[in-house]
Structures are given as C-alpha cells and as structure tokens.
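Protein chains: 2
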Amino acid sequence: MDAEIIAVGSELLTPQRLDTNSLFLTDKLNALGIEVRFKTVVGDDRERLASVLRAALGRSGLIVLTGGLGPTEDDVNRDVVAEVLARPLREVPEIRQQLEKRFARVGRTMSANNLRQALVPEGADWLENKNGTAPGLWIEQGETLIVLLPGPPWELEAMFESACLPRLAQRATGGRIVTRVLKVVGLPESEVDRRIAPIYREYRNPATTILATLGSIEIHLRARAASDAEAEALLAPLADKIEVALGDNIYSTKGESLEEIVGMFLMMKQKTMAAAESCTGGLLAERLTRTPGSSNYFLGGAICYSNELKTKLAGVPEVLIKENGAVSKPVAQAMAEGIRRRSGASIGIGVTGIAGPGGGSAEKPVGLVFIALADEHGTQVREFRFPGNRERVRLWASTAALEMIRRRVRD
Amino acid sequence: MDAEIIAVGSELLTPQRLDTNSLFLTDKLNALGIEVRFKTVVGDDRERLASVLRAALGRSGLIVLTGGLGPTEDDVNRDVVAEVLARPLREVPEIRQQLEKRFARVGRTMSANNLRQALVPEGADWLENKNGTAPGLWIEQGETLIVLLPGPPWELEAMFESACLPRLAQRATGGRIVTRVLKVVGLPESEVDRRIAPIYREYRNPATTILATLGSIEIHLRARAASDAEAEALLAPLADKIEVALGDNIYSTKGESLEEIVGMFLMMKQKTMAAAESCTGGLLAERLTRTPGSSNYFLGGAICYSNELKTKLAGVPEVLIKENGAVSKPVAQAMAEGIRRRSGASIGIGVTGIAGPGGGSAEKPVGLVFIALADEHGTQVREFRFPGNRERVRLWASTAALEMIRRRVRD
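Chains as they are written, first to last, in our numbering: chain A, 1 to 411; chain B, 1001 to 1411.
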C-alpha cells in the first residue's frame, strides 16, 4: 500500500508556511512499511481540492488529507470528499452532543457553523479529536482508504496515534521500515561522503541519505524488511562499516544531540564545567543548558563581550589583552583558566573570535576563533578558521568547543 | 497567470526533509502578482513525475519544477519533460563546452553522465547556472510556461533572480502583491485576534494572516494591486487601524527582530546593558549577540547556573539565596543589580526561574520565572508563569526580558 498526503489550506501556499504535518505522518507511515509517494498542498478551494483528490484516488491506496475540517466556510474538506466520493453528509448525534458539551464546559454558545463538524459522509467512520472540536474521518472506498485529519499538529498527532495507527498496523502488510541515524562531527560533508560512498553504494536496502545541517552531519540508513528485527539485521552490517570508516567522528547513533552526549560523558566521569564566551555570546552555554538536568554538570559561565568583563568575570589580565588583542591564543587560554578557577569546575572553556561581519582584518579575519580547554592536566588551545556568516561562525565555534570537551572527557 | 511548483526528489518524501525552495519561489512570484495554487512533491520516478506534470499542464499557466537536473540516472526531470512535451533532447555545444571548462578548472575529468546536462528539449531555452553544473530550462508550450530549476537552494535562487525574474516580470500582468509584517509582543495570540479580527474582517484585499511562532506573533497583511504604490495604499489604512488596536505591543513593522529593536533603542539612547541569567542559560545573551554590532551596547553577562556562581559572578549575597531560594524575587533583583555594578552597564538584567521538566514544586512550579531590570532609577522585578516545556519557558523568559528592556529604554 502506497500513501499520499494532501495538505489543505491557503496559508500553506504563502511564502511563510510549510506543511510540516507530513513529516510526522511520513515517519509513522514509514515505520509501518508504507511509503509516501506524493505530497500535495492545495488551498481552501472546492474545485482545486476536488481535482487533486480525483487524481489521488486513481493512484494511491491510502490518501491522508490534513486541515480544512474547521467550522468556517473556508473549511471545505468534508464537503469536497463527500461530493467526490458521492456519499451524502449526515449529522451524527454523538458528535453534536460532544460539541455541545465542549462549548458548555467553556461557557460559550455554539454557533450554527460548528454543527458542520457533526456531519459525516455516509458509510464513513469518524475519529474522536481529544484536543479540539473537529473530528477526523476514516473512509473505505473500494480498495482505497481515505483519512481526514485536522490541521493543528497537536490535534492531528494525537488523533493519528490513537485512532489511526492501530487500524493501519493491521492493514499494512508491506513489512516495516527502520531508520538508524549516525551523527558526525569534525568532518566536512564532502569528506564524509568520500569515505562512505564506496560502502553505502553497495547497498540498495538499506538506503543511505547524508543530511548536512548547520554544525552537524547526519547519515540516515533506512531498511525495509518483513519485521523490525529483520530490518535491524539489514542495517547492522552497513552501520558497522560506516562506523569503522568514520571512527570516533561519529558521536551518536541513537539520536542524541552533541550537547546531550557531552552531558552524558561529564555525568559519567563526574566532571563539571564552566565556560567563558566572547564571540559565541552565550550560545555554548545555551546549547548545554537545553538538556534537562544540565545543572548537574554545567555550573555556569561568563559572557565577556567587553574587554573589561573578560578581566572582571573571567580574570583575564588586562595586559594580556593589550599585548595580544582580545582575539588571541593567550586570551582564550586565560579565559578558560580564569573561569575554571572562579567556578571551581573540573573543566573551563574559553572562546574568543571574530564572528563578523565587521571586526575582521587581514591578520585576524572574520571566522578566526580560538578555543581553549583547561583542566587538571593543563590547557589546550586550538585555532579555527570557520567559513560563512556570523550565524554559522558562532554555531561552528560552539560545536567545536563541545567536540573538544567530548574528546577530552571521553579519553 | 497562476503558478504551481513541483519539487522532485525522493529525499523530499522522507520524514527528514521539506521542500523549502517553494517558499523562496512563492515569495518572488507573489511580488509579481503571481499566485501559487498547487505545490507537489514527487520522487525521482519517471512515471509518477509524468503524471504530475500532465495534471499541471491542464491547469496552470506557469509550472516550476525544482531538482532532478543532476548528472545521475536518478535525475529524470529533463527526460520526463522532453517526453511529456514531445520535444526530443538535443545536445547544446555551448553547455558542453562550459561543462568541460568547469571540470578542467577543478582538474577533474568529466564523466559521460555529465553530458546529460548538455541536453535541451527542442525549442527550449537554457538558463546558465553560475553556482553549479546543471543548467536550467525555460520552455514555452502554447500558453503555458514551464521552468526547470536545479534543487540546491544557492543554485536555484541565483538562477531564478538573474534569469527568470526579469523575463517573468515582463509577462506578469496580474499586478503586484505587497506584504507588510507587524510583529507583536506581550499579548497571547487569542487576544491579538480578538482585538483585530473585527478590523481585518472588513477587508478582502489586503488579506490578513496571524502567525504565532515561539515567543512572537506576526500579523501578515498582503495586498494586491496594479502597482507597488497602489498595493501600499491599500495596506496603509488597515495597518494603521491594527496599530491603533494593538498600540505599543507592536514592536516592529519592518521585519526587525525583538533583539534588533532593543539594540536600536539602546544605541539611540546611548545605553549599555549586561545580564545575569540562570534558567535561560545564556539564551538572552545569545539572542542579543546575534545582531552584528551588538558589542556597542551589550557588555556581557554571567550565566549563574550554580548558586555559587550567582554569588561569585553576579555578587548575590549567599544569605539571600539561603533565605529565599535561588528562584525568588530578591535573588532576581540582586542578580540584576550585581551584574550592573560589576559590568558598569546602564542596565542590568537578572533572570531566575524553573525551566523544567524537573525542579518544580507546588509553591514554585515549572514555568515560574522572576525577571529584574536595574538601572539608575531603581530596580523593577516581574513575576511570570510561562506555560509549556523547557524550550518554551526559556524562550518566553528571554522574550519577556527583552520586552522589559524595550519598554524601559523607550520611555
């Protein structure tokens, strides 16, 4: 059974919005072995939606429509589906009662428009919406299954998980698709591909995709088999070979972020850390503290944008800044050692650099960043030249700092 | 002339990837008065792409295909378009020479596959690719215009701007669409809608969309007219009424972020600031330092995750933490006053709270945040209860702090 997703809503055809529900749906459908072959976005327009739906009926075993189930005139999905399938709409008393109760509970009166949500095409099942007013619809039309879901993600996701997944699992006979994600740090995308292309090209199943996001590279391996266990068995040899080829540049195989991995290592080794940041402006600390429980290993830090604060908060001697400039190896080192001393952390990090777009020179160009790591064994300082704009330089610098911590704590 | 966009690529049908090129294209097409009526994503599959293309030919004046122009067997756009339009492919010597030169320049030999990129359907124009090897295609088929663009955004965007926009501008006779964005802070989405729905409902043109992103609400007004000036004239009265209804909760009408606006106010009033953050973990500083030149007004700050660092970096008396707890009004105040004193900034900010998911209690639940602002007039402390998860609490807290600065500096 192949699926297609039709997202309905004129706002999804503006330059500001994307249909992101289809990512959730694709993920869940793939796990059941169902491939998504088409995704269409169409506005709240009867005629256009009808033409898209007719095309879908001719080619897909499962059609999921999202959005367009609200109470307003703009919400045409229910009507169009009823018309195209030639199934008249009938009011379902149970839905009407639920709607009335819901409105009574919040002390509002229900408008006549809301009653549209109690209409169901003849012979269709309706799906309860625990997080909103619009029920979903489940329609079997010959060999084709048509599912209508509400647009708001929290409504759609809850309804799909509770009402659709169990029923789909029974019908899906195409096996299972299992995905494994290997996350890589410290190598450019081209180098990752150079090393692993000869390996993954040998395999059609699993299929391999390399995704470069800002600051990290992900390798997605996707295997299809009769069961999860068989799919895992297909994944294992390819994953193993890739892990050998990339070695310890792979930091995660279970979806963890780099900051989570660093946190896990710090916890395991019972270490704490603190950071003094200049050009990253708090981004390193912000990333580390995204993880719940990070207060167990992250004590805090100083953001020393001004030279004066480099001295006052991180204890960098004024003369060092005067002699070497704020963006220099000695200052990075002094920041790391200073914040370590002040905070009492096992590890101190110092980051100073030029994020741009201004402030660069021939000698010290935009993208130049020094990162220092101080611990009981001494202080290591590395010099980086990151390409790209301010946002990229800051992100790469924070990633490089996390990677230095990961390697130091692990070893 | 209505447009539709067909994004081709099997990776766009996985749970990890979205077609984002269509946002860029929609924005540019809208400005020319061209509406996008359908967006389709289809895999690298000859038969499926052909069926999508045939449907498009029957309904759209402009069809933009993206992706699928590479040198590999997977890239089928060129072939499928030639076949569906019944225009045989012919090699264009000029493209071949450009390809050969390009490969010679980087010292690589060109594979036979690459020659596929020199093939052009009979009667079609080709579009130079300044950032890659795959040329685009421009095909006039009766009243319909079909444009093929490469998938990588930097190739697509450069090609569209230089080769497509000027030609499209000549053909587009549907007038212009101009969008104005009003950004709102300090009000929930429901309250924004309650206040302005009676206003914008009076207008069909401009059309109004309310977008709630994390931490900010945007009101998009979109007017269509014969010229930009006429569209602006349509926008002005509606924008004015909305600005009256929302007053100073509107912080930006020209696209600036809240942190940019705060920076502009600080520069204008020649003020500086510093921040001591606990639960936001550096996010406030990180947001402020995203703006180039922020070192002119942002001196730095302390991230005091541990109580000890609240004392050491922000000068919070130990006894204050012992008596009131780290998440309390007096500690927020002491953080703001302490970091102001240490940094010598005109304004000091203190943020302490419980971001969750752990650490909450009946008395001090997850989402409780105290934010203090200290300046020469004294210290203001506000208590907030933010809903949602860790990420949302941190984001709302940093937004609330920025909003406190905006109001204080402006007045």
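Every residue gets a Cβ at the ideal spot worked out from N, C-alpha and C, and that includes glycine.
Chain B contact for residue i (CB, 8 Å cutoff)
| i | result |
| --- | --- |
| A/G255 | no |
| A/E286 | yes |
| A/S306 | yes |
| A/L18 | yes |
| A/N30 | yes |
| A/R390 | yes |
| A/D75 | no |
| A/T109 | no |
| A/F160 | no |
| A/I458 | Residue 458 of chain A lies beyond the range of chain A shown here (1 to 411); nothing can be said about it. |
Chain A contact for residue i (CB, 8 Å cutoff)
| i | result |
| --- | --- |
| B/L1368 | no |
| B/E1415 | Here chain B has residues from 1001 to 1411 only, and residue 1415 of chain B is not among them. |
| B/R1176 | no |
| B/A1233 | no |
| B/A1055 | yes |
| B/T1133 | no |
| B/V1041 | yes |
| B/T1208 | no |
| B/S1361 | no |
| B/S1343 | yes |
Same chain, Cβ closer than 6 Å to residue i, neighbours up to 5 away in sequence not counted
| i | result |
| --- | --- |
| B/A1374 | A1336, E1337, R1340 and G1348 |
| B/A1082 | L1089 and P1121 |
| A/R195 | A245 |
Pairwise C-alpha distance: residue j and residue i
| i | j | result |
| --- | --- | --- |
| A/R167 | A/L145 | 11 Å |
| B/A1158 | B/L1023 | 15 Å |
| A/G123 | A/E140 | 8 Å |
| B/N1367 | A/I177 | The sequence as given places Gly at residue 1367 of chain B; Asn does not occur at that position. Rounded to whole angstroms, B/G1367 to A/I177 spans 39 Å at the Cα level. |
| A/R54 | B/T1072 | 33 Å |
| B/L1025 | B/T1109 | 34 Å |
| A/A236 | A/I199 | 13 Å |
| B/A1086 | A/A172 | 39 Å |
| A/I261 | A/R410 | 10 Å |
| A/T209 | B/D1074 | 14 Å |
| B/A1225 | B/L1395 | 38 Å |
| A/E191 | A/E47 | 50 Å |
| A/K310 | B/F1265 | 25 Å |
| A/A401 | A/S216 | 13 Å |
| A/T179 | A/N30 | 9 Å |
| B/V1008 | B/Q1117 | 16 Å |
| A/S294 | A/T272 | 10 Å |
| B/P1206 | A/L12 | 17 Å |
| B/T1014 | A/L127 | 26 Å |
| B/Q1413 | B/G1142 | No information on residue 1413 of chain B is available, as it lies outside the stretch 1001 to 1411 that chain B covers here. |
Contacting residues, own chain, Cβ-Cβ under 8 Å from residue i (five flanking each side not counted)
| i | result |
| --- | --- |
| B/T1379 | Q1333, A1336, E1337, A1372 and L1373 |
| A/E4 | V36, R37, F38, K39, T40, A56, R59, S60, L62, I63 and V64 |
| B/V1331 | K1310, V1316, L1320, I1321, N1324, G1325, G1350, T1352 and F1370 |
Close-in-space but distant-in-sequence residues of the same chain around residue i (CB under 7 Å, 5 per side omitted)
| i | result |
| --- | --- |
| A/S328 | F370 |
| B/G1255 | V1181 |
Residue i (DSSP reduced to helix, strand or coil)
| i | result |
| --- | --- |
| B/E1035 | strand |
| B/P1150 | coil |
| A/R108 | coil |
| B/M1273 | strand |
| A/F386 | coil |
| B/K1329 | helix |
| B/E1140 | strand |
| A/R90 | strand |
| B/C1304 | strand |
| B/A1007 | strand |
Distance CB(residue i)-CB(residue j) smaller than 8 Å
| i | j | result |
| --- | --- | --- |
| B/L1246 | B/S1398 | no |
| B/E1113 | B/E1155 | Here residue 1113 of chain B turns out to be Asn, not Glu, going by the sequence shown. No, the Cβ-Cβ distance between B/N1113 and B/E1155 is not below 8 Å. |
| B/V1076 | B/G1068 | yes |
| B/N1389 | B/G1360 | no |
| B/G1300 | A/A302 | yes |
| B/G1263 | B/T1280 | no |
| A/A104 | A/V80 | no |
| B/L1137 | B/E1091 | no |
| A/G344 | B/E1391 | no |
Residue i: CB within 7 Å of a non-hydrogen atom of the ligand SAM
| i | result |
| --- | --- |
| B/W1126 | As for the ligand SAM, it is missing from this structure, which has no ligand bound. |
Contacts of residue i in chain E (Cβ-Cβ under 7 Å)
| i | result |
| --- | --- |
| B/E1011 | The structure shown contains no chain E; the protein chains it does contain are A and B. |
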